[in-house]
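Take a look at the structure below.
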Amino acid sequence: MHPDTCLAQIGNNKAEKTGAISSPIYLSTTYRHPRLGESTGFDYTRTKNPTRQTLEDAIAQLEGGVQGFAYSSGMAAIAGVLGLFGQGDHLLVSHDLYGGTYRLLEQILPRQGITTTFVDTGDWQKVEAAVQENTKAIFLETPTNPTMRISDLQAIIGVAQRNGLLTIVDNTFMTPYLQRPLTLGADVVVHSATKYLGGHNDVLSGLAVAREQELADRIYFLQNSIGATLGPQDAWLLMRGMKTLALRMDRHQENAMVLAKWLTGHPCVKQVYFPGLENHPGRDVHIGQADGYGGMLSFEVVREELVEPLLRHLNLIAFAESLGGVESLITYPARQTHFDVPEAVRNELGVTSSLLRLSVGIEHYEDLIEDMAQAFAASERELAE
6 MHPDTCLAQI
16 GNNKAEKTGA
26 ISSPIYLSTT
36 YRHPRLGEST
46 GFDYTRTKNP
56 TRQTLEDAIA
66 QLEGGVQGFA
76 YSSGMAAIAG
86 VLGLFGQGDH
96 LLVSHDLYGG
106 TYRLLEQILP
116 RQGITTTFVD
126 TGDWQKVEAA
136 VQENTKAIFL
146 ETPTNPTMRI
156 SDLQAIIGVA
166 QRNGLLTIVD
176 NTFMTPYLQR
186 PLTLGADVVV
196 HSATKYLGGH
206 NDVLSGLAVA
216 REQELADRIY
226 FLQNSIGATL
236 GPQDAWLLMR
246 GMKTLALRMD
256 RHQENAMVLA
266 KWLTGHPCVK
276 QVYFPGLENH
286 PGRDVHIGQA
296 DGYGGMLSFE
306 VVREELVEPL
316 LRHLNLIAFA
326 ESLGGVESLI
336 TYPARQTHFD
346 VPEAVRNELG
356 VTSSLLRLSV
366 GIEHYEDLIE
376 DMAQAFAASE
386 RELAE
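Spelled out as C-alpha cells, the structure:
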C-alpha cells in the first residue's frame, strides 16, 4: 500500500474482539498468565505493551524494516541504538547535526570508552578516509540540522558495507513519508517522533527501526533492559498524529517552498538553506533519494543585530524550540538547539550567530509571509532609530 494509506490505517483492524477503529489504550502494567509456562505474549508493560506494539509495527512497516521500537524521547531512541557500542569502539558522525546528539557523543559516550570523529558525510570519500580499525558505525542526518546539508545515502551505505560498518540514519526531518533509508540499505533509522510524526507539539517520543532481525534482537534487548520506553497514552497520541502525516507533510513543504523563495529575495536575508531551491548544494542527490523537500529551512540574516528584534516582532510565528508541528516555529540554533556545540565549530559549520531555523507550519502561506515581512520592517525601523 501507499504510505498515505498505511498512515491512515494505523491501529485499524487490531481490536478483533470489539472492532474498535481507534486502537485501544492498554494502561495495564502487568498481564495474567493462562497457566505456568504460558503467556499471552504480554507479561510486563516495559517489555511489551499492546498499544506500543501497534505503534512499533506501524513505524516498521512505514520504514520498510523488520521491527520498530518506541522510546520516551528522540534522544532516548538515539541513546538506545548507540547502546550497541562499547569500550574501544569508534563512530563516524555527520559534522553538522542536532546539538543534543552532539552533546551525547561528546560528553557522555566518551565516559563509556566510545570515541567519535565528526566528518562531512556529504563527501563519501572523506567518510571512507576517516574509517579506523575500531570504527563500528556511521551515524548521519540528511538533510542536516540546521543547515540542510545533503549526504548521498547510497554512497555512504556503500562505504559502510565495504568496511563492515552499520549505517544509522536520523530521518526526523524527512519522515518515512518522504525518505526511507532502510530501503536503500541503511541498518537503522531513528526519529525524534516528537516532531513531524506526532505533529502537534503535544507528545514527547522517539522511534527506531531495524532492517534485519539479528540487529533488531540486539536493540530490543537494550530497550527492554534500559526501559526508556514510550507509555501507552503517548503511544496512542503519536499514532493519532501519524494518521495525518501525509496531508501535513504535503502542506508543510508547499509552504516551505513559498517561504524559501520569498526569503531569498528579501534584502535582510543573506542566505537561505532549503533543499527545494535550485541552487541548494546536493539538491540533485536529494531528489534521487527522497520524495520531497520537507518543511524545514534555515536562513542567515545580513547582520546579527537583526536577530533579537526580528524574533521579538514576530506575532504568528512562535519563537520556540522544536519543530515539525502544525504551528510555525522559529529557532535560534546558536543559543538553543546547538548551544553545546563549541562556537568555533558552529561557525565553521555555518551555524552562526546570524542563522535562524524555521519550521514552516500548515498555516496559509500569505499569513506567514505577512508576519515575516512586518517583523523585518519593524526590526529595521528599530535599528535605524
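In this text, residue positions in the sequence shown follow the working numbering: the first is 6, and each later residue adds one. Even for Gly, the Cβ is constructed at its ideal location relative to N, Cα and C. Small disclaimer: the values here were computed from a predicted structure and weren't measured.
Tell me which residues share the same chain as P272 and place their Cβ nearer than 8 Å to its Cβ, disregarding the 5 neighbours each side in the sequence.
V307
Whose C-alpha, out of G70, R57, L67, is nearest the C-alpha of Y76?
R57
In terms of residues, what are the limits of the alpha helix (DSSP H) holding T175?
Position check: residue 175 holds Asp in this sequence, whereas Thr was assumed. Careful: D175 lies outside any alpha helix (DSSP H), inside the beta strand (DSSP E) at 171-175.
Taking the beta carbon of E61 as the centre, do at least 16 other beta carbons fall within 10 Å, making it buried, or is it exposed?
buried
For V86, which residues of its own chain have a beta-carbon under 7 Å away from its beta-carbon, when the five flanking residues on both sides are left out?
I173, V193, V195, A213, I224
Excluding the five sequence neighbours on either side, which residues of its own chain have a C-beta within less than 6 Å of the C-beta of A380, listed in chain order?
L315, H318, L319
Taking DSSP's pairing of strands, which residues face G211 in a bridge?
Y76, S197
Given N229, which residues of its chain have a CB within under 7 Å of its CB, disregarding the five upstream and five downstream residues?
Hits under 7 Å: R51, T52.
Can you tell me where the beta strand (DSSP E) holding V98 begins and where it ends?
95-99
So, at 7 Å on beta carbons, what are the nonlocal neighbours of A240 in its own chain, with the 5 sequence-adjacent residues on each side left out?
T56, R57, L60, A75
Among V356, L302, G127, L183, which residue has its Cα nearest to the Cα of S333?
L302
Taking its Cβ as the centre, do 16 or more other Cβ atoms sit within 10 Å of G118, making it buried, or is it exposed?
It is exposed - the Cβ of G118 has fewer than 16 other Cβ atoms within 10 Å.
Using only the alpha-carbon positions, how far apart do L252 and V164 sit?
C-alpha separation (whole angstroms): 35 Å.
How about K19 and A25: do their beta carbons lie closer than 9 Å?
yes
When you compare the segment 121-130 with the segment 256-274, are there three or more beta-carbon pairs, one atom per stretch, that lie closer than 8 Å?
no
Mapping the DSSP letters down to three states, classify I155 as helix, strand or coil.
coil
If contacts are defined as beta-carbon pairs under 8 Å, then Q137 and H100 qualify, I think. What distance do you get, rounded to the angstrom?
Between H100 and Q137 the Cβ distance is about 16 Å, and since that is not below 8 Å, they are no contact.
Less than 6 Å between C-beta atoms, sequence neighbours within five positions excluded: which residues of the same chain meet that for Y103?
N150
From what residue to what residue does the alpha helix (DSSP H) around L316 run?
312-318
Near A261, which residues of its chain fall below 6 Å by C-beta distance, leaving aside the five closest residues on each side in sequence?
So the list reads G300, L302, V365, once near-sequence residues are dropped.
In three-state terms, what does DSSP make of Y36?
coil
Give the range of the alpha helix (DSSP H) segment to which T269 is assigned.
250-269
Using the Cα positions of T249 and I155, report the straight-line distance between them to the nearest angstrom.
27 Å
Return yes when the Cβ of V132 is within less than 9 Å of the Cβ of L171, no when it is not.
no
Counting only runs that start and end within the segment 97-126, where is the beta strand (DSSP E) found for 3 or more residues in a row?
120-124
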